[in-house]
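*Asks:* First, the structure itself, so that you have it in front of you.
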Amino acid sequence: MRLAGHVIVEQLAECGSDLAFCVPGESYLPVLDGLYAHRDKIRLITARQETGAAMMAAAYGKLTGRPGICLVTRGPGATNASGGVHVARQDAAPMLLLVGQVPTGNRDRVAFQEVDIRAMYAPLAKAVFRVDDPDRAAEFVARAMVTAVSGEPGPVVLELPEDVLSASTAAPVVPAVPPVVPAPSAADVEAFVSTLTGARRPLLVVGGTGWTAEATRAVRRFAEAARIPLATAVRHQDLVDPRSPVFVGTLGLSTTPGLSAAVADADVLAFVGTRPDALTVDDFALLDVPVPQQTLLHVHPDPVVLHRVHRADLAIVAGPARFAAALPAVSGDSSPWLSRLREDYLRGPAPSVAAEFMRLLAERVPDPVVSSGAGAYTAWPQRHHRFTTFPSHLGTQSGSMGFGLPAAITAQLVHPDRPAVAFAGDGCFLMTAQELSTAVRYGLAPLVVVVNNNSYGTIRDHQQRRFPGREYGTDLVNPDFAAFARSFGAAGERVRTPDEFAAALDRVRGKAAVIEIEVGGLSR
């Protein structure tokens, strides 16, 4: 016999969990005690606020393809974690949020910190389960872990009443099973390839989760052999090495006018692993809803996603890695079309101060995992950084501010041999800046580049376009970010010019650090 809280941890370990993030709470003390008992199998990272913990778990899911584990208490813990759960849902990142809850006998009595977890998380999570029987604790954890990685991955919430966690059970753990990932049929692959290679103006777009390094190479080999222009969906630049002769750019917020026009001009569009969502196809302006003008090929692991917004001429239920592995080496010829798109990509953005900052970063910080939240500053890495390794990019589809630093912390934990660079605006950084303390505590060395324009810059840009001369509520008064970083035990620098930035990078190498770049009105 052992406590149900211990069984939950045993089941997590059985399912392959090796890392968990938390803000502790008295509502799930038996689980914490179970983590202590199994600390040789699962490392526990204590964050400073639940939003940061949940974002760290979401980043783990994005990096590894396995559920990121986050533990929070009831009430304010659960509500604070919702931002990270939303990131995981929008990004199709597998995640398990374990939430302590009031004892079952106090349910629906407005008990201390009580929140209806099912009602709250139903629209945010992929599924919400509650453990009301200690004998079924392992069963529900196993179910949650499988649900998080099945079909389109996403976050699952598991509600844990305090009295259930403290009850004893003799129930065994449930044997772990690998996720069921659909594979394409030979006929589906043949139809996909023949349609794409037979087009005069094809465009292949890859994105989403469920990729492996080998799968990214496989899809690139196919596109290069067939001479198919290959683009990435927004926030997924690391899926294609930009040095590939068929890479033509990234759709989304920082795309080129030429690539946007190519989506409209293409006669065959193929999306693999991702959805043609609002960010990727310019708020649906580039792809008519529900029936596109272009022939649409759509490959996705979840049948619910197919045809949901856009009617596809060919819909294939398949995981991106298994689909990429099935692609044959075939020849094709869309050379004039490919040449036009590739040349447009190679012209690149106009020279800028931002590009010079990014060049200096690339020289001094090789092969980093780059993360960011939301804001005008995200154009710096999106436009000017060359993602040549997979995985190396952690962004958010949800536009959630504050993601950069928590994601960089996770990147250092998962890939301790690689540097992690988090980009943030001054508004974005202070959403989760306290997690700098977490990085220092655990001996991690993320570099945070704060692009400071003293405003919520993106919102201000929208105000200036829609209500010129009436900007309101978007100016910020900021702390000394360098001194702020030093107060946590990290290095802190403030720079204005590229030369100062280069010198600062040299001084902070190998340390947890914040480099504030004062940009004034420059944000892109």
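Each residue of the sequence shown is one higher than the one before, starting from 85 at the first, in the working numbering.
Yeah, the Cβ is synthetic: ideal placement off N, Cα and C, and Gly gets one too.
1. Look up Cys-99 in the DSSP assignment and say whether it is helix, strand or coil.
2. Between Asp-428, Gly-486, Ala-504 and Ala-491, which lies nearest to Pro-450 when the distance is taken from Cα to Cα?
3. Using C-beta distances below 6 Å, list every residue in its chain close to Thr-379, excluding the 5 sequence neighbours before and after it, in chain order.
4. At 3 residues or longer, what runs of the beta strand (DSSP E) sit wholly inside the region 543 to 599?
5. Using a 10 Å radius around the Cβ and a threshold of 16 neighbouring Cβ atoms, would you call Gln-616 buried or exposed?
6. So what does DSSP say about Gly-189, is it helix, strand or coil?
7. Can you tell me whether Ala-131 is buried or exposed? The criterion is at least 16 other CB atoms within 10 Å of its CB, across all chains shown.
8. Checking 8 Å against the spacing of the C-beta atoms, do Phe-487 and Leu-323 come in under that value?
9. Let me know the beta strand (DSSP E) ranges lying completely inside the region 510 to 537, each 3 residues or longer, listed in chain order.
10. In the DSSP assignment, what are the bridge partners of Thr-379?
11. Nearest by alpha-carbon distance to Pro-574: which of Arg-544, Val-532 and Asp-590 is it?
12. For Val-91 and Ile-126, which I take to be in contact (beta-carbon distance under 8 Å), what is that distance rounded to the nearest angstrom?
13. Tell me whether Phe-507 sits in a helix, a strand or coil according to DSSP, three-state version.
14. DSSP three-state call for Ala-402: helix, strand or coil?
15. Contact defined as beta carbons within less than 8 Å: I believe Leu-155 pairs with Tyr-112. What is the distance between those atoms, to the nearest angstrom?
16. Look at the Cβ atom of Thr-256, then the Cβ atom of Val-230, and state whether they are nearer than 8 Å.
17. Exposed or buried, which one is Tyr-205 when buried takes at least 16 other CB atoms within 10 Å?
18. Measure the CB-CB distance between Val-277 and Pro-412 and report whether it falls below 8 Å.
19. Quick check on the DSSP output: the beta strand (DSSP E) that includes Phe-224 runs from which residue to which?
20. Within 8 Å (strictly less), CB to CB, does Gly-238 reach chain C?
21. Using DSSP bridges, identify the partner residues of Phe-105.
*Replies:* Concretely, from the data shown:
1. Counting from one through the sequence shown, the residue named residue 99 turns up at place 15. DSSP places Cys-99 in coil when its eight states are reduced to three.
2. The residue given as residue 450 occupies position 366 in the sequence shown. Closest by C-alpha distance to Pro-450, out of Asp-428, Gly-486, Ala-504 and Ala-491, is Ala-504.
3. The residue given as residue 379 occupies position 295 in the sequence shown. For Thr-379, where only same-chain residues beyond five positions count, the Cβ hits under 6 Å are Val-352 and Asp-397.
4. Those beta strand (DSSP E) runs which fall completely within the region 543 to 599 and span 3+ residues are 575 to 579.
5. The question about residue 616 has no answer, for the chain in this structure spans 85 to 608.
6. To locate residue 189, count along the sequence shown from 1; it is residue 105. Here Gly-189 sits in helix by DSSP.
7. Taking the first residue of the sequence shown as 1, we reach residue 131 at position 47. Counting Cβ neighbours within 10 Å, Ala-131 comes out buried, since at least 16 surround it.
8. In the sequence shown, residue 487 corresponds to position 403, counting from 1. In the sequence shown, residue 323 corresponds to position 239, counting from 1. Taking 8 Å as the Cβ cut-off, Phe-487 and Leu-323 do not qualify as a contacting pair.
9. Taken in chain order, the complete beta strand (DSSP E) segments of 3 residues or longer contained in the region 510 to 537 are 531 to 536.
10. If you number the sequence shown from 1, residue 379 lands on position 295. In the DSSP output, where bridge partners are listed per residue, Thr-379 has Val-352.
11. Position 490 of the sequence shown, counted from the first residue, corresponds to residue 574. In the sequence as presented, Pro is not what sits at residue 574; that position holds Ala. Nearest in C-alpha terms to Ala-574, of all of Arg-544, Val-532 and Asp-590, is Val-532.
12. Position 7 of the sequence shown, counting from 1, holds the residue named residue 91. Position 42 of the sequence shown, counting from 1, holds the residue named residue 126. With a Cβ gap of about 14 Å, Val-91 and Ile-126 do not count as contacting.
13. By one-based count along the sequence shown, residue 507 stands at place 423. Phe-507 falls in the strand class under three-state DSSP.
14. Numbered from 1 along the sequence shown, position 318 holds the residue referred to as residue 402. In the structure shown, the three-state DSSP call for Ala-402 is coil.
15. Counting from one through the sequence shown, the residue named residue 155 turns up at place 71. Counting from one through the sequence shown, the residue named residue 112 turns up at place 28. Between Tyr-112 and Leu-155 the Cβ distance is about 6 Å, and since that is below 8 Å, they are a contact.
16. Taking the sequence shown and counting its residues from 1, the one referred to as residue 256 is at position 172. Taking the sequence shown and counting its residues from 1, the one referred to as residue 230 is at position 146. Looking at the sequence shown, residue 256 is not Thr but Pro. Not in contact: Pro-256 and Val-230 (Cβ atoms no closer than 8 Å).
17. In the sequence shown, residue 205 corresponds to position 121, counting from 1. Classification of Tyr-205: buried, given that the 10 Å Cβ count is 16 or more.
18. The residue labelled residue 277 in the question sits at position 193 within the sequence shown. The residue labelled residue 412 in the question sits at position 328 within the sequence shown. Pro-412 sits close to Val-277, with the two beta carbons spaced by under 8 Å.
19. Position 140 of the sequence shown, counted from the start, is the residue given in the question as residue 224. That residue, Phe-224, is in no beta strand (DSSP E); its alpha helix (DSSP H) goes 221 to 233.
20. No chain C is part of this structure, which consists of one protein chain only.
21. Here residue 105 corresponds to residue number 21 of the sequence shown, with the count starting at 1. For Phe-105, DSSP records a beta bridge to Ile-129 and Cys-154.
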